Amino acid sequence: MEMKTPLYDCHVACGGKIVPFAGYLLPVQYPTGVIAEHMAVRSQAGLFDVSHMGEVMITGPDAFANIQNLFTNDFTSMTDGKVRYSPMCYEDGGVVDDLIVYRYNQEKYLVVVNASNRHKDVEWMKAHLSGDVTLEDISDRVAQIALQGPASAKILSKLTGDQELPTKFYTFKDPILVDGISCIVSTTGYTGENGYECYCDPADAPKLWNALLEAGKEDGLIPCGLGARDTLRLEAAMPLYGHEMDETITPVETGLGSYVKMAKPDFIGKKGLEEKGDPQRARVGLKITGRGIAREHCDVYADGQKIGHTTSGTHCPFLGYAIAMALVDLAHSAVGTSVEIDVRGRKIAAEVVPLPFYKKSK
Amino acid sequence: MNTPKEFLYSKSHEWAKKLDDGSVLVGLSDKAQNDLGDLVFVNLPAVGDSFSAGDTMCDVESVKAVSDVYAPVSGTVAEVNEMLLDTPEAINKEPYEAWLVKLTDVSGLEDLLDADAYIAVCEEE
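Protein chains in written order, with the working numbering: chain S, 207 to 568; chain B, 52 to 176.
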């Protein structure tokens with residue numbers, strides 16, 4: 207039985223095509239279609255319901271020490287009001303989840319996790335807490351709306367009066383009143399564009415959604431579904447748990463080494479990663495040069511030898527061609543390597559290209 | 052949903068149209084293209100391939116997923132619409148113009164649905 211987010215009726219009212227995802231009923235697209243929604247975010251702005259995401263508060267005198275131990279990134283230099291991305295590993299170095307951490311102060315952190323991993327994450331974190339610290343899953347009391355695209359700042363500022371919005375990438379303010387609604391507002395997102403994520407009380411979410419849509423109408427803002435969310439993150443080469451990483455793929459293998467601080471005295475997974483040594487495979491970007499589209503779980507070949515498999519793939523609306531990400535043997539991971547992808551028994555040509563596929567212009 | 056009377060339909064949402072020379076054009080219905088969403092790739096069969104009604108004939112890909120297209124009738128591929136290889140979006144724009152294949156030696160047309168019967172099937176879904 208899937209749950210509805212507080213915005214379910216808004217999606218139906220907007221003509222959203224509803225599908226089950228991570229235990230929730232969410233729109234995969236609106237009548238505009240995935241391509242138009244994708245392009246709106248690249249050129250103007252798009253609005254996403256991401257209320258399915260999980261939110262966890264970690265508080266107490268030992269909050270910082272626990273964050274340092276649970277997550278692979280280093281939070282020592284992090285100041286109040288900052289947001290930081292991190293993988294969270296098992297003892298063996300496999301990934302429990304990837305998440306973002308909001309620092310209120312050294313004794314109060316908000317952690318945002320993937321919807322499909324929420325319960326697993328909470329269990330894992332609770333089992334590994336130590337000292338004077340409290341962990342609370344507040345997901346059911348939090349709705350989340352993402353406003354993404356170059357017009358985002360213009361649109362949001364129409365509803366925030368003379369309040370100062372966070373400007374620097376990966377920072378937040380709490381509270382910001384958006385059309386009078388109390389929100390956490392952060393300069394974060396999953397599209398490769400500038401934008402905001404707004405967290406609010408579920409009861410206020412429909413009003414916030416409609417206010418943002420109305421405020422952004424003249425700037426080309428349209429509601430966007432899960433389809434565009436996936437094509438946007440793929441084009442920006444942002445990894446997705448369950449695809450580019452999982453319990454069998456370490457963050458180092460999938461190219462997230464800069465978020466794994468082996469210089470930290472200790473964290474869960476450090477020993478496992480040390481024992482594994484240098485990774486023998488790497489995440490690469492593939493541009494499909496032949497005809498067709500490779501999705502996930504397609505075998506990748508070079509010189510007739512299987513070298514790995516795709517982890518995600520789609521047709522990229524902005525770039526106008528098909529791309530995929532793949533985990534391949536290190537020896538065949540250099541940019542320019544010609545490969546073939548087995549798509550349902552048909553081999554299609556592709557080439558290793560630099561990541562990200564798309565990077566916004568400054 | 053646009054469902055022209057001069058076409059025949061399968062329950063799996065292909066359309067068929069008999070031409071004067073006895074050959075049959077096959078495409079995807081308006082409902083099919085709407086359900087699939089923006090199409091970005093069409094993988095057509097080869098000329099000379101033969102299919103029985105219900106066989107997987109080719110596949111089409113939207114941004115989100117790949118979907119099989121079934122032969123609505125039995126026949127042999129006489130021609131494929133190569134224009135769709137470069138402009139798959141034509142199926143979204145003009146589903147009844149954007150034919151996929153032309154079949155000859157066709158049998159089984161009598162098993163297809165007329166527009167009214169097809170609309171009734173769609174409404175049941």
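Beta carbons are placed, not taken as given, at the ideal position from N, Cα and C, and that holds for glycine.
Only a predicted model underlies this, so the values are computations on that prediction, with no experimental measurement involved.
Proximity test, Cβ basis, 9 Å: residue i and chain S
i       : result
N94(B)  : yes
L136(B) : yes
Coarse secondary structure for residue i, derived from DSSP in three states
i       : result
F270(S) : helix
S118(B) : strand
W415(S) : helix
A168(B) : helix
K482(S) : helix
H515(S) : strand
N279(S) : coil
K565(S) : coil
R550(S) : coil
K470(S) : coil
I499(S) : coil
N132(B) : coil
D380(S) : strand
V98(B)  : coil
Y465(S) : helix
M207(S) : coil
A349(S) : strand
T373(S) : coil
M451(S) : strand
D407(S) : coil
N53(B)  : coil
W150(B) : coil
V240(S) : helix
Y291(S) : strand
K476(S) : helix
T174(S) : Outside the modelled stretch of chain S, which goes from 207 to 568, sits residue 174(S), for which no answer is possible.
Min CB distance residue i to chain B below 9 Å
i       : result
T437(S) : yes
H503(S) : no
R552(S) : yes
K223(S) : yes
G398(S) : no
A532(S) : no
V506(S) : no
Q235(S) : yes
H244(S) : yes
A528(S) : yes
Chain-ordered neighbours of residue i on chain B, where CB pairs are closer than 8 Å
i       : result
H521(S) : V91, F92, E112 and V114
G433(S) : G88, V114 and K115
Cross-chain neighbours of residue i in chain B, by beta carbon under 9 Å
i       : result
G498(S) : F92, N94 and E112
E241(S) : First, the residue type needs correcting, since residue 241(S) is Ile and not Glu in the sequence shown. Those within 9 Å of I241(S) in chain B are G88, D89, V91, V114 and E140.
Chain C contact for residue i (CB, 9 Å cutoff)
i       : result
V117(B) : The structure shown contains no chain C; the protein chains it does contain are S and B.
Closer than 8 Å: residue i CB and nearest the ligand ATP heavy atom
i       : result
L135(B) : Of ligands this structure carries none, so the ligand ATP is not represented either.
Integer Cβ distance of residue i from residue j, believed to fall under 8 Å
i       : j       : result
S163(B) : S74(B)  : For clarity, residue 163(B) is Leu in the given sequence; the question names Ser instead. Actually they do not touch by this definition, with Cβ atoms about 15 Å apart.
G510(S) : A532(S) : Their Cβ separation, rounded to whole angstroms, is 17 Å, which puts G510(S) and A532(S) out of contact at 8 Å.
Y405(S) : R290(S) : With 8 Å as the limit, Y405(S) and R290(S) do not qualify as a contact, their Cβ atoms being about 17 Å apart.
Y465(S) : D303(S) : The Cβ separation is near 13 Å, so there is no contact.
G99(B)  : V120(B) : The pair is not a contact, with the Cβ atoms about 18 Å apart (cut-off 8 Å).
So does the region 510-530 of chain S actually touch the region 106-121 of chain B, counting three or more Cβ pairs closer than 8 Å?
yes
Contact between the region 301-315 of chain S and the region 482-495 of chain S: three or more CB pairs below 8 Å?
no
Answer yes if the region 118-127 of chain B comes into contact with the region 144-161 of chain B, meaning at least three C-beta pairs across the two stretches below 8 Å, and no otherwise.
yes
Tell me, please, whether the region 217-226 of chain S touches the region 501-508 of chain S by the rule of three or more beta-carbon pairs shorter than 8 Å.
no
Spell out a yes or no on whether the region 468-487 of chain S and the region 395-402 of chain S are touching, meaning 3 or more CB-CB pairs, one atom from each, closer than 8 Å.
no
Would you check if there are 3 or more beta carbon pairs closer than 8 Å linking the region 292-307 of chain S to the region 452-467 of chain S?
yes
Under 8 Å, with one C-beta from each stretch per pair, do the region 350-361 of chain S and the region 247-259 of chain S reach the 3-pair mark?
yes
Should the region 232-239 of chain S be regarded as contacting the region 332-339 of chain S, the criterion being three or more beta carbon pairs within less than 8 Å?
no
For the region 524-544 of chain S against the region 58-75 of chain B, do three or more pairs of beta-carbon atoms, one drawn from each stretch, fall closer than 8 Å, so that the two count as touching?
no
Assess, as a yes-or-no matter, whether the region 264-281 of chain S is touched by the region 434-446 of chain S under the definition of 3 or more beta carbon pairs within less than 8 Å.
no
Contact between the region 429-443 of chain S and the region 227-235 of chain S is defined here as three or more beta-carbon pairs at a separation below 8 Å; is this criterion met?
yes
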